[in-house]
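Participant: Just passing along the structure, written as structure tokens.
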Amino acid sequence: MHPTRLLAALAIATSAFGAHAAGDAAAGKNKIFQCQGCHGIADWKSAFPELYRVPKLGGQKPEYIVAALKAYKSGDRDFPTMRAMVQNLSDQDFADIAAYYGSQPATVAEKK
Amino acid sequence: MMKARILLVAALFAASTSALAASGNATAGKKKAATCAACHSSPNAEGVSPSPEFPNLAGQYPDYLETALRHYQNGKRKNPIMAAQVQKLSHKDILDLSAYFASLKGLSVKH
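Which chain is which? The protein sequence lines are R and L, in order.
Numbering-wise (this note's numbering), the first sequence opens with residue 1 and increments by one.
Numbering-wise (this note's numbering), the second sequence opens with residue 1001 and increments by one.
Quick look at the structure:
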């Protein structure tokens, strides 16, 4: 890539994401196979320790998703399944996964 | 024995469905959501956050929202902003607010 172009791209990426790691939705698509086992199924319920449907992520704010994932990792959110899921994920993984769920047009599930 | 088992299953099923049926009132929830709107609603899109820091709530599952609010109350989720907001919410308030935000069009299941 031409240096000027690269600089422009970097500037855009930096301004769009501020101080956070820039998420790559395409990379994120390859990191979500575990997430989809619950979050990719409409009305999927978490059975332990409480019974409720796991949240919809399509169209969620990427920055919020990253904050939530970090909170599961640090223990600020106390939920064993998510804590286990995020243990081996890096900040870059978080950003990529968040970009995938948040930045692409979501497949709209039928509202009942 | 078999009959007892069937009865047990039926009772469990009834309990689980009645628990789901004990849902909130979206109209009442809307009236209670004025404070929430400051961070979770935009002028032209209720339940869609104006800020990247705060989640969109429109279209989210009500039972998930209820759980999240309860967790902010009991400290299973630690967040200073939300902890202050949910302190005075009753169980009914939580059900109504969750029903309201769930009734809006927004989030979806991404496959």
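Even for Gly, the Cβ is constructed at its ideal location relative to N, Cα and C.
No experiment lies behind these values; they were computed from the predicted model shown.
For chain R, check one thing: does any of its Cβ atoms lie closer than 8 Å to the Cβ of L:Lys1092?
Facilitator: It does not: the Cβ of L:Lys1092 has no partner Cβ on chain R nearer than 8 Å.
Participant: Please report the distance separating the alpha-carbon of L:Ala1077 from that of L:Ser1108.
Facilitator: Position check: residue 1077 of chain L holds Arg in this sequence, whereas Ala was assumed. C-alpha separation (whole angstroms): 23 Å.
Participant: Mark R:Glu63 as exposed unless 16 or more other C-beta atoms lie within 10 angstroms of its C-beta, in which case mark it buried.
Facilitator: With 16 or more Cβ atoms within 10 Å of its Cβ, R:Glu63 is classed as buried.
Participant: Are the CB atoms of L:Leu1104 and L:Ala1058 within a distance shorter than 8 Å?
Facilitator: Yes, the Cβ-Cβ distance between L:Ala1058 and L:Leu1104 is below 8 Å.
Participant: Does any residue of chain L bring its CB to less than 8 Å from the CB of R:Arg83?
Facilitator: No, no contact with chain L.
Participant: Quick one: what's L:Ser1108 bridged to in DSSP?
Facilitator: In DSSP, L:Ser1108 forms a bridge with R:Gly58.
Participant: Mapping the DSSP letters down to three states, classify L:Ala1099 as helix, strand or coil.
Facilitator: Three-state DSSP puts L:Ala1099 in a helix.
Participant: Following the continuous alpha helix (DSSP H) through R:Ile41, name the residue where it begins and the one where it ends.
Facilitator: Segment: none, R:Ile41 is in no alpha helix (DSSP H) and carries neither H nor E.
Participant: Please name the residue, chosen from R:Phe79, R:Gly58, R:Ala25, R:Ala26, that lies closest to R:Ile41 on a Cα-to-Cα basis.
Facilitator: Comparing Cα positions, the closest option is R:Gly58.
Participant: Quick one: give me the first and last residue of the alpha helix (DSSP H) that R:Ala84 is part of.
Facilitator: Here the alpha helix (DSSP H) through R:Ala84 covers 80-86.
Participant: Against chain R, which members of the segment 1061-1074 of chain L pass a CB distance test of less than 9 Å?
Facilitator: The segment 1061-1074 of chain L vs chain R, Cβ under 9 Å: Tyr1061, Pro1062, Asp1063, Tyr1064, Leu1065, Glu1066, Thr1067, Ala1068, Arg1070, His1071.
Participant: Looking at chain L, is there any beta carbon in it that lies within less than 8 Å of the beta carbon of R:Lys56?
Facilitator: Closer than 8 Å to some Cβ of chain L, the Cβ of R:Lys56 qualifies, so yes.
Participant: Look up R:Ser74 in the DSSP assignment and give the residues it is bridged to.
Facilitator: In the DSSP output, where bridge partners are listed per residue, R:Ser74 has none listed.
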